[in-house]
Amino acid sequence: MPDTTTQQDPRLETFSREQLHEFLRKMLLFRRFEEKAEEAYAIGKIGGFCHLHIGQEAVALGFIGPLREDDYAISAYREHTQALAKGLEPGPVMAELFGRRSGVSGGKGGSMHLFDVERRFMGGHGIVGAQTALAAGIGWAIRYRGGDQVCVCFMGDAAVNQGAFHESLNMAAIWKLPVIFVVENNDYGMGTKFSRVSAVPVLEKGDGYGIPTHSVDGQDILETWRFTEELVARVREGEGPQYVDARTYRFKGHSMSDPVSGTYRSKEEVTEKTHKQDPITLLRDRLLEADLLTKEELEAMDSDVRKEVDEAADFADEAPFPPEEDLYAHVYAETNPNGRLFLDGRDR
Amino acid sequence: MPQITYREALNQALAEEMERDETVFLMGEEVAEYDGAYKVSKGLLERFGSDRVVDSPISELGFAGLGVGAAMTGLRPVIEFMTFNFSILALDQVINSAAKLHYMSAGQFSVPMVFRGPTGAALQLSAQHSQACETWYVHSPGIKLVTPGTPADAKGLLKAAIRDDDPVAVMEGELLYNVKGEVPDPEEGDFIIPLGVADVKREGDHVSIITHGKMVHVALQAAGQLAKEGVDAEVVDLRSLRPLDVEAILRSVHKTNRAVYLEEGWPYVGIGAQIVALIQEEAFDYLDAPVLRVTQADIPMPYAKNLEKLAKPDAKRVVAACKRVLYQD
Chain A
574 MPDTTTQQDP
584 RLETFSREQL
594 HEFLRKMLLF
604 RRFEEKAEEA
614 YAIGKIGGFC
624 HLHIGQEAVA
634 LGFIGPLRED
644 DYAISAYREH
654 TQALAKGLEP
664 GPVMAELFGR
674 RSGVSGGKGG
684 SMHLFDVERR
694 FMGGHGIVGA
704 QTALAAGIGW
714 AIRYRGGDQV
724 CVCFMGDAAV
734 NQGAFHESLN
744 MAAIWKLPVI
754 FVVENNDYGM
764 GTKFSRVSAV
774 PVLEKGDGYG
784 IPTHSVDGQD
794 ILETWRFTEE
804 LVARVREGEG
814 PQYVDARTYR
824 FKGHSMSDPV
834 SGTYRSKEEV
844 TEKTHKQDPI
854 TLLRDRLLEA
864 DLLTKEELEA
874 MDSDVRKEVD
884 EAADFADEAP
894 FPPEEDLYAH
904 VYAETNPNGR
914 LFLDGRDR
Chain B
6 MPQITYREAL
16 NQALAEEMER
26 DETVFLMGEE
36 VAEYDGAYKV
46 SKGLLERFGS
56 DRVVDSPISE
66 LGFAGLGVGA
76 AMTGLRPVIE
86 FMTFNFSILA
96 LDQVINSAAK
106 LHYMSAGQFS
116 VPMVFRGPTG
126 AALQLSAQHS
136 QACETWYVHS
146 PGIKLVTPGT
156 PADAKGLLKA
166 AIRDDDPVAV
176 MEGELLYNVK
186 GEVPDPEEGD
196 FIIPLGVADV
206 KREGDHVSII
216 THGKMVHVAL
226 QAAGQLAKEG
236 VDAEVVDLRS
246 LRPLDVEAIL
256 RSVHKTNRAV
266 YLEEGWPYVG
276 IGAQIVALIQ
286 EEAFDYLDAP
296 VLRVTQADIP
306 MPYAKNLEKL
316 AKPDAKRVVA
326 ACKRVLYQD
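These protein sequence lines are chains A and B, in that order.
Its first residue numbered 574, the first sequence is counted upward by one per residue in our numbering.
Its first residue numbered 6, the second sequence is counted upward by one per residue in our numbering.
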């Protein structure tokens, strides 16, 4: 990937100043949100597994931003910023991370299982690759009802070695389902470099199903956004599923227990990537260079975003924990009048 | 009342529900052009078209997951497994997606779908095609499970399962598809058997044979033999393993004070283990003998006809167990 920070991108002219500022503001919001989550995790406000998306913000924004409200997005467990991109509010998302009842999943899901039925955010899913089959089902349902929505399905690069992935691409292809499979290719599945577990690159994993495959620079919001706009239009018109290798990089460890660099990737590699391929600084510098952004505007924007994230954390911190009566709620959608559904012998 | 086969009863249930509700569709291996591996879906493709009766690739994990995704948007998929043996490949989507999405999303998403197909052994299909899969499904909260043993139960329970707002597994029996029985005429109105209601298939006072699925027939056979020896056995068909009709179990045990659980599957951590635990917890003072279980031998199913017969639970073993709890052996 060339260092483009000193070159003016002709694509800048195809976006309005407001749009460009909004891209920057959103990505800054995602970044600050994740930094706040990291901070909250360190002091024990967030428990369990927590997978930060820092470094991959342009993929979330680029593939979700151009969607309509009635389009669907589904993801794996590194999905905080995708949820924000789909319109979920930072407060309830943070509250979910904090395990509070005001969280988007009522405190039942946590970091890995964010859901919003209204905004058609179909979840964070914790089993690698499993969401690809659910995405095929969402695509199936769109087609079944004769709708023109699309479903964007995110996964990490490790998912392309799962059976579910291959079964889903095949089904999506034979039934021409309106699903865009997006591999957030950050080159590592947890601590395993992709080339150690696959004989072919990520892009080629989409071959063999009759699905168009694409590659995009996932650190470049302008490229990703334009690419998605065009792709979504084609899928909406009935072109069927698409497979995208979105090249990106994870700036933090796999989860909170994993150091940023160490046994599986060098400090030099991480430093190089974070300095040269940060989607936020790439856009920021382009805008400053092209006089589309002033330093004052940038400072105001960052300060606004930090305030928004602080408010989200305050909201989460003040939100109540789920009451005890929530324990048995929502196991079943329908309580049958006959028979026992819970066999634990406990009083409820 | 008309006599129809178990297969026809399931077919009626599918056709009636697809007619009633456009969100219901059937997907699985060979369900459309082939009319179903066991002909359960015969004629449905012609009647409802290829968008609603869908041949899938052999991708159990994939099409089970597709069903879950479609159900999340409000469709009511009926996913047929050619046998539940093959659904072992799909268990991640069953247990991690179908059973948990309602809970993990705090009720925002429901998964109103059915997984159906035969469970258990047929004849000489050997180890990988002869397993009772009930335990794997019913173990996980969030899924319901019914095991019809007769044509009427098959129809009524499948219809109830399709209408239920949760994922319901309907486990049938390969050896049951040709069994005939009385099923109410569709002209006389909707025939539904609610989930969670057991059925006493034979009344008796001396010992309760509690069972589910196609073992109902083995239990009735055993009860017939016991009757000749003056033992009046009650046969309780649970029909539904979750929700579980605990009251029906306790009622029968209160009456007979002795119970035997009969199941097709393996004993260790099986359905019977759970029922025995429940009886001793909730009806200990009513028991006059330990509750025994009759199950498959604790081995993979062998192919050889003579060995297979030895491995399966049969009426003879049920009779022996009943005599033991009656202290007659």
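No residue lacks a Cβ here, since even glycine has one placed at the ideal position from N, Cα and C.
Residue i burial status per 10 Å Cβ neighbour count (16 or more: buried)
{"i": "residue 790(A)", "result": "buried"}
{"i": "residue 275(B)", "result": "buried"}
{"i": "residue 315(B)", "result": "exposed"}
{"i": "residue 648(A)", "result": "buried"}
{"i": "residue 246(B)", "result": "buried"}
{"i": "residue 678(A)", "result": "buried"}
{"i": "residue 311(B)", "result": "exposed"}
{"i": "residue 575(A)", "result": "Low local confidence applies: a pLDDT of 49 at residue 575(A) is under 50, so the model's placement there is unreliable, and no value is given."}
{"i": "residue 667(A)", "result": "buried"}
{"i": "residue 579(A)", "result": "Low per-residue confidence applies at residue 579(A): pLDDT is 49, beneath 50, and the placement is therefore not dependable, though the value from the model is reported in the following sentence. Burial call: exposed."}
{"i": "residue 81(B)", "result": "buried"}
{"i": "residue 324(B)", "result": "buried"}
{"i": "residue 685(A)", "result": "buried"}
{"i": "residue 744(A)", "result": "buried"}
{"i": "residue 830(A)", "result": "exposed"}
{"i": "residue 289(B)", "result": "exposed"}
8 Å Cβ cut-off: residues of chain A touching residue i
{"i": "residue 140(B)", "result": "What residue 140(B) touches in chain A: nothing, since even the nearest Cβ is about 13 Å away."}
{"i": "residue 107(B)", "result": "903, 904, 905 and 906"}
Under 7 Å between C-beta atoms of residue i and residue j
{"i": "residue 698(A)", "j": "residue 763(A)", "result": "no"}
{"i": "residue 631(A)", "j": "residue 753(A)", "result": "no"}
{"i": "residue 206(B)", "j": "residue 221(B)", "result": "yes"}
{"i": "residue 17(B)", "j": "residue 160(B)", "result": "yes"}
{"i": "residue 906(A)", "j": "residue 259(B)", "result": "no"}
{"i": "residue 755(A)", "j": "residue 646(A)", "result": "no"}
{"i": "residue 776(A)", "j": "residue 788(A)", "result": "yes"}
{"i": "residue 133(B)", "j": "residue 308(B)", "result": "no"}
{"i": "residue 792(A)", "j": "residue 852(A)", "result": "yes"}
{"i": "residue 748(A)", "j": "residue 71(B)", "result": "no"}
{"i": "residue 61(B)", "j": "residue 34(B)", "result": "yes"}
Residue i to residue j span [Cα, whole Å]
{"i": "residue 224(B)", "j": "residue 676(A)", "result": "51 Å"}
{"i": "residue 683(A)", "j": "residue 692(A)", "result": "18 Å"}
{"i": "residue 664(A)", "j": "residue 884(A)", "result": "7 Å"}
{"i": "residue 912(A)", "j": "residue 252(B)", "result": "8 Å"}
{"i": "residue 293(B)", "j": "residue 330(B)", "result": "8 Å"}
{"i": "residue 135(B)", "j": "residue 124(B)", "result": "8 Å"}
{"i": "residue 889(A)", "j": "residue 881(A)", "result": "12 Å"}
{"i": "residue 197(B)", "j": "residue 893(A)", "result": "43 Å"}
{"i": "residue 620(A)", "j": "residue 896(A)", "result": "18 Å"}
{"i": "residue 605(A)", "j": "residue 877(A)", "result": "11 Å"}
{"i": "residue 798(A)", "j": "residue 813(A)", "result": "20 Å"}
{"i": "residue 32(B)", "j": "residue 57(B)", "result": "8 Å"}
{"i": "residue 839(A)", "j": "residue 119(B)", "result": "49 Å"}
{"i": "residue 701(A)", "j": "residue 190(B)", "result": "48 Å"}
{"i": "residue 760(A)", "j": "residue 841(A)", "result": "16 Å"}
{"i": "residue 867(A)", "j": "residue 861(A)", "result": "6 Å"}
{"i": "residue 577(A)", "j": "residue 144(B)", "result": "The predicted position of residue 577(A) is uncertain, since its pLDDT is 48 and thus under 50; no value can be drawn from it."}
Listed by chain order, chain B residues near residue i by CB distance under 8 Å
{"i": "residue 673(A)", "result": "Those do not exist, as residue 673(A) stays about 11 Å from chain B at its closest Cβ, beyond 8 Å."}
{"i": "residue 717(A)", "result": "30, 56, 75 and 80"}
{"i": "residue 686(A)", "result": "109 and 110"}
{"i": "residue 711(A)", "result": "74, 75, 77 and 78"}
{"i": "residue 681(A)", "result": "108, 109, 110 and 111"}
{"i": "residue 909(A)", "result": "149, 169, 199, 200, 201 and 248"}
For residue i, the nearest candidate out of the options (CA to CA)
{"i": "residue 625(A)", "options": "616(A), 715(A), 612(A) and 635(A)", "result": "612(A)"}
{"i": "residue 727(A)", "options": "635(A), 643(A), 808(A) and 678(A)", "result": "635(A)"}
{"i": "residue 87(B)", "options": "104(B), 69(B), 98(B) and 226(B)", "result": "69(B)"}
{"i": "residue 305(B)", "options": "328(B), 322(B), 281(B) and 273(B)", "result": "273(B)"}
{"i": "residue 112(B)", "options": "736(A), 859(A) and 901(A)", "result": "901(A)"}
{"i": "residue 720(A)", "options": "670(A), 811(A) and 914(A)", "result": "811(A)"}
{"i": "residue 736(A)", "options": "240(B), 63(B) and 322(B)", "result": "63(B)"}
Distance cut-off 6 Å: residue i Cβ against heavy atoms of the ligand PLP
{"i": "residue 661(A)", "result": "The ligand PLP is not part of the structure shown, which contains no ligands of any sort."}
Neighbour list for residue i in chain A, Cβ cutoff strictly below 7 Å
{"i": "residue 247(B)", "result": "914"}
{"i": "residue 115(B)", "result": "906"}
{"i": "residue 146(B)", "result": "904"}
Neighbour list for residue i in chain B, Cβ cutoff strictly below 9 Å
{"i": "residue 756(A)", "result": "Chain B residues near residue 756(A): none, gap ~18 Å exceeds 9 Å."}
7 Å Cβ cut-off: residues of chain B touching residue i
{"i": "residue 700(A)", "result": "97 and 101"}
{"i": "residue 740(A)", "result": "64, 66 and 67"}
{"i": "residue 737(A)", "result": "66, 67 and 70"}
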